[in-house]
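Mapping of the sequence shown onto numbering that gives the first Met the number 0: residues 0 to 226, in sequence order. Don't be surprised by glycine CBs; every beta carbon is placed ideally from N, CA and C. Please read all numbers here as calculations on a predicted model, not as lab measurements.
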Amino acid sequence: MQLTQILALGGSLLAGTSYAKLVSIDVGENGLVMAPNSATADVGDTVQFTFYSPGHTVVQATFDKPCEPSSGGFSSGSAMVTKTSNKVFEINITSTDPIWYYCDVANHCPSGMVGVINAPSGKTVDDFANAAKNAQVVKPSSNDPQGGSLVAPDSGSGSSSGSPSATGAASSGSSAAATKTGGSSAGGSSASATAQASSTSSAAAAAVTDHAGLILPVIFAAAGLVL
Numbered sequence: 000m001q002l003t004q005i006l007a008l009g010g011s012l013l014a015g016t017s018y019a020k021l022v023s024i025d026v027g028e029n030g031l032v033m034a035p036n037s038a039t040a041d042v043g044d045t046v047q048f049t050f051y052s053p054g055h056t057v058v059q060a061t062f063d064k065p066c067e068p069s070s071g072g073f074s075s076g077s078a079m080v081t082k083t084s085n086k087v088f089e090i091n092i093t094s095t096d097p098i099w100y101y102c103d104v105a106n107h108c109p110s111g112m113v114g115v116i117n118a119p120s121g122k123t124v125d126d127f128a129n130a131a132k133n134a135q136v137v138k139p140s141s142n143d144p145q146g147g148s149l150v151a152p153d154s155g156s157g158s159s160s161g162s163p164s165a166t167g168a169a170s171s172g173s174s175a176a177a178t179k180t181g182g183s184s185a186g187g188s189s190a191s192a193t194a195q196a197s198s199t200s201s202a203a204a205a206a207v208t209d210h211a212g213l214i215l216p217v218i219f220a221a222a223g224l225v226l
């Protein structure tokens, strides 16, 4: 096998490798809003919820019961409602099935403080919010975090700290996130975007280097060569 063929094969294998990302959701930064309230995450990704005063929670629900905990679903725990925490609630994505969730504080859920990860075709976060308007808010049976973990902000869980995933269709709830972005200065936005791109590129390069150490010996062995 020619050296050029070996290198081409190695490049193809590395190009086909996917990397986990961190999806960030702000809970209550601009009122009773999840921002973004419709997000997309792949298997292996991590979703991180950051809470803001005066206190909120995130509890997994089902589309048919929008303000009621789902069996086996996640919950950030009621400790999050008392004050802004120096911790964030983190869940790992193990399926691309829709994940509907709400805030169980007071009447926040009926007021539209809901969200979805991987919204299915034909159902949107607006549909979920409309269904929640007349729903009774039910709290989880346990006050402790369930189905996720509390971590220090930006600590991650072994996944890349790249940019948040693209959100789904825009809705009334996600307009707050757009307002927040528009309020930033042009210089600040440019600097932030440059820093973020640099961080993402560095993480991707490190990941490729790690995988190359595993893939290249296999390629060379197949070609009858020894590293």
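- Annotated three-state conformation of V124 is helix, per DSSP.
- In this structure, the alpha-carbon of I92 lies about 28 Å from that of A105.
- Per DSSP, A60 is one residue of the beta strand (DSSP E) stretching across V58 to A60.
- When rounded, the separation of the alpha-carbon atoms in D143 and S52 is 19 Å.
- Cβ contact annotation for S69 (same chain, cutoff 7 Å, sequence separation greater than five): Q59, A60 and T61, in chain order.
- Rounded to the nearest angstrom, the gap between the Cα atoms of F127 and V150 is 28 Å.
- When secondary structure is reduced to three states using DSSP, N91 falls in the strand class.
- In the structure shown, A151 falls within a coil segment according to DSSP collapsed to helix, strand and coil.
- Taking the C-beta atoms as reference points, I116 is found nearer than 8 Å to A40.
- Within the same chain, Cβ atoms closer than 6 Å to the Cβ of A131 are found at P65, C66, C108, P109 and V113, the five residues on either side in sequence being excluded.
- Taking a 10 Å sphere around the C-beta of G147, we find 16 or more other C-beta atoms and assign the residue as buried.
- Only residues of its own chain outside the window of five on either side were considered, and among them V87 have a CB closer than 6 Å to the CB of P152, listed in chain order.
- Residue nearest to T45 within the set V32, L21 and S37 is L21 (criterion: CA-CA distance).
- Here V57 really is in contact with F48; their C-beta atoms are around 5 Å apart, less than 8 Å.
- For S23, the three-state secondary structure derived from DSSP is strand.
- Buried is the label assigned to S23, since at least 16 other Cβ atoms lie within 10 Å of its Cβ.
- Under the three-state reduction of DSSP, S77 is assigned to helix.
- In the same chain as Y101, and ignoring 5 residues on each side of it, the C-beta atoms closer than 7 Å to its own belong to V58, A60, P65, C66, C108, M112, V113 and A131, in chain order.
- For the options G72, G27, G121 and G54, the alpha carbon positioned closest to that of Q145 is the one of G72.
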